[in-house]
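These notes are about the structure you will find just below.
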Amino acid sequence: MELASKYDPQAVEAKWYEYWLNNKLFSSKPDGREPYTVVIPPPNVTGVLHMGHMLNNTIQDILVRRARMEGKNACWVPGTDHASIATEAKVVARLAEQGIQKTDLTREDFLKHAWDWTHEHGGIILKQLRKLGCSCDWDRTAFTMDEARSEGVIKVFCDLYDKGLIYRGVRMVNWDPQAQTALSDEEVIYKEEHSKLYYLKYRVVESDCRRVDEGNVIHQDAQGYYAVVATTRPETIMGDTAMCINPNDAKNTWLKGKHVVVPLVNREIPVIEDDYVDVEFGTGCLKVTPAHDINDHALGLKHGLATIDIFNDNGTISEAAGLYVGMDRMDVRRRIAQDLEAAGLMEKVEDYNNKVGFSERTNVPIEPKLSTQWFLRMQHFADLALEPVMRDDIEFYPKKYKNTYRHWLENIKDWCISRQLWWGHRIPAYYFTTADGKRSFVVAPTAAEALAKAQAQNSKLTAADLEQESDCLDTWFSSWLWPISVFDGINHPDNEEVRYYYPTSDLVTGPDIIFFWVARMIMAGYEYRQTYPFKHVYFTGIVRDKLGRKMSKSLGNSPDPIALIEKYGADGVRMGMMLSAPAGNDILFDESLCEQGRNFNNKIWNAFRLVKGWKTAPVEQSKANEQAVEWFAAKLKQSHAELQAQFKQYRISEALMTVYKLFWDEFSSWYLEMVKPAYVNGKAQPIDQTTYDATIAFFDDLLKMLHPFMPFITEELWQHITDRKEGESIMRATLQMDAPTAHDEQLMADIEQVKLMVSGVRTVRNQKNIAPKEPLTLIAIGDNKMQAYNSIISKMANLEAIDVAKEKPADASSFMVGTDEYAVPLGNLIDVAAEIDKAEKELQHLEGFLMGIRKKLSNDNFVAHAPEAVVARERKKESDSVEKIAALKQTIAELKKK
Numbered sequence: 003m004e005l006a007s008k009y010d011p012q013a014v015e016a017k018w019y020e021y022w023l024n025n026k027l028f029s030s031k032p033d034g035r036e037p038y039t040v041v042i043p044p045p046n047v048t049g050v051l052h053m054g055h056m057l058n059n060t061i062q063d064i065l066v067r068r069a070r071m072e073g074k075n076a077c078w079v080p081g082t083d084h085a086s087i088a089t090e091a092k093v094v095a096r097l098a099e100q101g102i103q104k105t106d107l108t109r110e111d112f113l114k115h116a117w118d119w120t121h122e123h124g125g126i127i128l129k130q131l132r133k134l135g136c137s138c139d140w141d142r143t144a145f146t147m148d149e150a151r152s153e154g155v156i157k158v159f160c161d162l163y164d165k166g167l168i169y170r171g172v173r174m175v176n177w178d179p180q181a182q183t184a185l186s187d188e189e190v191i192y193k194e195e196h197s198k199l200y201y202l203k204y205r206v207v208e209s210d211c212r213r214v215d216e217g218n219v220i221h222q223d224a225q226g227y228y229a230v231v232a233t234t235r236p237e238t239i240m241g242d243t244a245m246c247i248n249p250n251d252a253k254n255t256w257l258k259g260k261h262v263v264v265p266l267v268n269r270e271i272p273v274i275e276d277d278y279v280d281v282e283f284g285t286g287c288l289k290v291t292p293a294h295d296i297n298d299h300a301l302g303l304k305h306g307l308a309t310i311d312i313f314n315d316n317g318t319i320s321e322a323a324g325l326y327v328g329m330d331r332m333d334v335r336r337r338i339a340q341d342l343e344a345a346g347l348m349e350k351v352e353d354y355n356n357k358v359g360f361s362e363r364t365n366v367p368i369e370p371k372l373s374t375q376w377f378l379r380m381q382h383f384a385d386l387a388l389e390p391v392m393r394d395d396i397e398f399y400p401k402k403y404k405n406t407y408r409h410w411l412e413n414i415k416d417w418c419i420s421r422q423l424w425w426g427h428r429i430p431a432y433y434f435t436t437a438d439g440k441r442s443f444v445v446a447p448t449a450a451e452a453l454a455k456a457q458a459q460n461s462k463l464t465a466a467d468l469e470q471e472s473d474c475l476d477t478w479f480s481s482w483l484w485p486i487s488v489f490d491g492i493n494h495p496d497n498e499e500v501r502y503y504y505p506t507s508d509l510v511t512g513p514d515i516i517f518f519w520v521a522r523m524i525m526a527g528y529e530y531r532q533t534y535p536f537k538h539v540y541f542t543g544i545v546r547d548k549l550g551r552k553m554s555k556s557l558g559n560s561p562d563p564i565a566l567i568e569k570y571g572a573d574g575v576r577m578g579m580m581l582s583a584p585a586g587n588d589i590l591f592d593e594s595l596c597e598q599g600r601n602f603n604n605k606i607w608n609a610f611r612l613v614k615g616w617k618t619a620p621v622e623q624s625k626a627n628e629q630a631v632e633w634f635a636a637k638l639k640q641s642h643a644e645l646q647a648q649f650k651q652y653r654i655s656e657a658l659m660t661v662y663k664l665f666w667d668e669f670s671s672w673y674l675e676m677v678k679p680a681y682v683n684g685k686a687q688p689i690d691q692t693t694y695d696a697t698i699a700f701f702d703d704l705l706k707m708l709h710p711f712m713p714f715i716t717e718e719l720w721q722h723i724t725d726r727k728e729g730e731s732i733m734r735a736t737l738q739m740d741a742p743t744a745h746d747e748q749l750m751a752d753i754e755q756v757k758l759m760v761s762g763v764r765t766v767r768n769q770k771n772i773a774p775k776e777p778l779t780l781i782a783i784g785d786n787k788m789q790a791y792n793s794i795i796s797k798m799a800n801l802e803a804i805d806v807a808k809e810k811p812a813d814a815s816s817f818m819v820g821t822d823e824y825a826v827p828l829g830n831l832i833d834v835a836a837e838i839d840k841a842e843k844e845l846q847h848l849e850g851f852l853m854g855i856r857k858k859l860s861n862d863n864f865v866a867h868a869p870e871a872v873v874a875r876e877r878k879k880e881s882d883s884v885e886k887i888a889a890l891k892q893t894i895a896e897l898k899k900k
């Protein structure tokens, strides 16, 4: 097979991915090897690849490919998540475009549309991951709503209900008015908002408002006495059922025992007392709306207040409010402020910054709402999941996330697991009427089992008498089982696969879902397998643009990953991502890094073509080649040891840089130059077979080191090293090396000195405009400690001799390597005219620079008012310039004498 002159990633990547698939090289079956298991964080089934996916899946693929090359049975399980809220919203939107409302359909008809959407869009992101080179076992692709996963979810729900860990009750929940469903606390994102603080007048009913003590602040106008309440949400006053003051608040004691009238609503409500009220906020008077605030709800329960729910599920005002019925809550906020002002019931309005909760899924402000929902008791699970992370049974990288995890578990709240959606796992609860006419329910995996349970309470019941719960389960209730359920470990807990592959090895995910997913998988692991679900968790950072902004569609700063792959090749993009991706830190992505990755691909390609183009001959290996081969073998061992340590600590970005520098700096820039055959009369000379074989072997090792990071180009070149059989692949090739010996360490230290000597000679050539082809002599002043490497030094620096002298020759240019001095006699090698021209240009520049400095220092205003340190720095620049000018003039004078 002939190598093309230029690397074409498009042709190479498509060819080798098909080869890997055809030869089942990603496939895994239980056997006698050590398993290495990774489960993909399942992306939304209707999603498309974004930069976060690119980063996450590149890291996973690096880890999986490396494990495979270590001889482990690597199994990377792909799959997708049904994403209840997001998918249902997309289906509803598409139906609306067709003039169909969700409410016009039966549940069954709607689900047909949802499945159609899923089948249409569901495979897109997984196909895109193939473009990236992801080596998933595609035959294992799972979906959170496929048959096996669905069966497991229902089984777990029933089990936890039977254990008393799931309950149904009326609680204050976070309500998403757009998706029209409850959310868990973890699905609420709090954002800083520039809001308004409205000061409303609540007229006091009683007329005997006398000053009780000197601390009172009594409000009165022509209409009588009033209390002032500060609120950011005037639209909720229709639900007010009390005003609350702190009993220890001196300024409001005049309101004790009084009643006030809700503005505009004209409802009389009592003034209650509770030390919950913050006396420093607003006026110290709190409006209490038990149906629409979690803390107000607690006050309402404590003081026996009425509850008035003024919102419909879609965020519009309900009939119960009596005012603004049918209007959107945000429109009401604007309208009611105007109406209060017009009625003389607005004291004032102030700008105010506060944190507002937004739905993580739809990005609309959530509405606290009393609702009957299903909950999971979380303290039991927190007790299971905290210690394993704290004692590093499960290790987090970076470690800082242990504290985040601990804080959440130590302040855990029950998980609202029900969602008012149709797309998802329908809760297996069945309602019926008992023999004595009461409403009841049973929980069971199937309708038949539910009927049998229900008949124990009413023997006359038939299947038609049962009504299944309409709510679905939170999507995370299925994904928390993911590491177990992908191996069918819920339905068949003792099957061969779950026993072999579980617990999994590494989890790669973002810290933003540490509560949604990571913690809950740990909980499920200990509940259902009595052990952790994974040993290590690698937290990626957030991908940001080079200005530090989070990438998003709305900002238009997120490149299309597929377009990047088409432009730079998958290997180039993978490298670009990883060069900027230290664990747990945000990634400042710059497309130029992908270009750097593409350039590295070209460097590898060209280096391989160079070596493969060498001709061999039965000649003896030179001393220089022998030393070069021995040195690079030591560098390989050193870098391999560094890689092992870096991967052990999940410093994957650093690991890539180790291999990058090894190839670019050591192999290409030094080793290949050391052993490259000479050209005589424009014709390349042959290389000895020993050196050639060693160089090819080095290339083989380098490709293996690079393969996890850059799978496509490494496969292509590895296949060209020698004839391979069908089905052979670099991904199954192992790489084992001994640690560097003491001899290796000394050799590497010596060659570093050699490099500095060669660089010193090359610097002299550049400074003195001496052509690279012009042979030079190098003189070691006092002693040549590197005499053993004269052959390498002579070849790399193009020297005709290396001598030793006690003193530096008069006509030589010298340089230092550590404490050792070396000189290059110049003789007639210098182009005097060029040197004079160069020196005179530098002199002209320095004289102009000095003139500028002196002009600044002659400015009395600058000297008098600039900080002392600044003036001192300018005077130092002046003196340094004077010295350099004098030295240059002397140099020019000496050159003109020659």
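Using my numbering, you'd call the opening residue of the sequence shown number 3 and step up by one each time.
For every residue, glycine included, the Cβ atom is placed at its ideal position computed from N, Cα and C.
Remember, it's a predicted structure, so these values are computed and weren't measured experimentally.
Please report the distance separating the alpha-carbon of residue i from that of residue j.
i	j	result
arginine 170	aspartate 295	20 angstroms
histidine 121	glutamine 130	16 angstroms
arginine 531	cysteine 160	17 angstroms
proline 869	lysine 797	55 angstroms
arginine 173	glutamine 422	15 angstroms
proline 710	histidine 115	41 angstroms
glutamate 644	threonine 692	28 angstroms
leucine 453	threonine 435	12 angstroms
alanine 458	isoleucine 168	22 angstroms
methionine 553	valine 545	6 angstroms
arginine 363	proline 179	11 angstroms
Less than 8 angstroms between the beta carbons of residue i and residue j, yes or no?
i	j	result
lysine 301	cysteine 246	Going by the sequence as given, residue 301 is leucine instead of lysine. Yes, they are a contact pair.
methionine 71	methionine 733	yes
valine 763	methionine 788	no
methionine 750	glutamine 640	yes
glutamate 275	proline 292	no
threonine 779	leucine 801	yes
isoleucine 516	tyrosine 652	no
alanine 521	tryptophan 410	yes
proline 1	threonine 82	Because the chain spans 3 through 900 in this model, residue 1 falls outside it and cannot be assessed.
cysteine 596	leucine 566	yes
methionine 577	phenylalanine 383	no
phenylalanine 541	threonine 511	yes
alanine 456	valine 445	no
Could you work out which residue in the options is closest to residue i when comparing CA atoms only?
i	options	result
methionine 781	Ala773, Lys770 and Val760	The sequence shown places isoleucine at residue 781, rather than the methionine named in the question. When each option's Cα is compared against that of isoleucine 781, the closest is Val760.
aspartate 813	Phe112, Asp822, Leu801 and Val826	Val826
isoleucine 429	Asp805, Ala452, Gly439 and Ser472	Ser472
leucine 468	Asp476, Thr448 and Ser480	Thr448
glutamate 529	Thr477, Leu483, Gly571 and Lys455	Leu483
lysine 537	Asp508, Asp341 and Tyr19	Asp508
alanine 181	Asp740, Ala744, Ala88 and Arg653	Ala88
alanine 85	Met818, Ile156, Arg726 and His427	His427
glutamine 738	Asn46, Ala69, Arg35 and Val391	Ala69
tyrosine 534	Arg441, Trp424, Asp395 and Val575	Asp395
arginine 501	Tyr38, Ser815, Tyr278 and Trp425	Tyr38
aspartate 353	Glu4, Lys810, Leu199 and Gln225	Leu199
alanine 905	Gln687, Asp588 and Lys350	Residue 905 falls outside the range modelled here, since the chain spans only 3 to 900, and no answer is possible.
To which residues does DSSP link residue i through a beta bridge?
i	result
histidine 196	Asn355
valine 819	Asp822
asparagine 176	Leu185 and Pro370
Please check the pair residue i and residue j, which I expect to be a contact at CB under 8 angstroms, by giving their CB distance rounded to whole angstroms.
i	j	result
glutamine 894	leucine 845	In the sequence as presented, glutamine is not what sits at residue 894; that position holds isoleucine. The Cβ separation is near 7 angstroms, so the contact holds.
histidine 305	alanine 244	7 angstroms
tryptophan 119	threonine 234	Actually they do not touch by this definition, with Cβ atoms about 38 angstroms apart.
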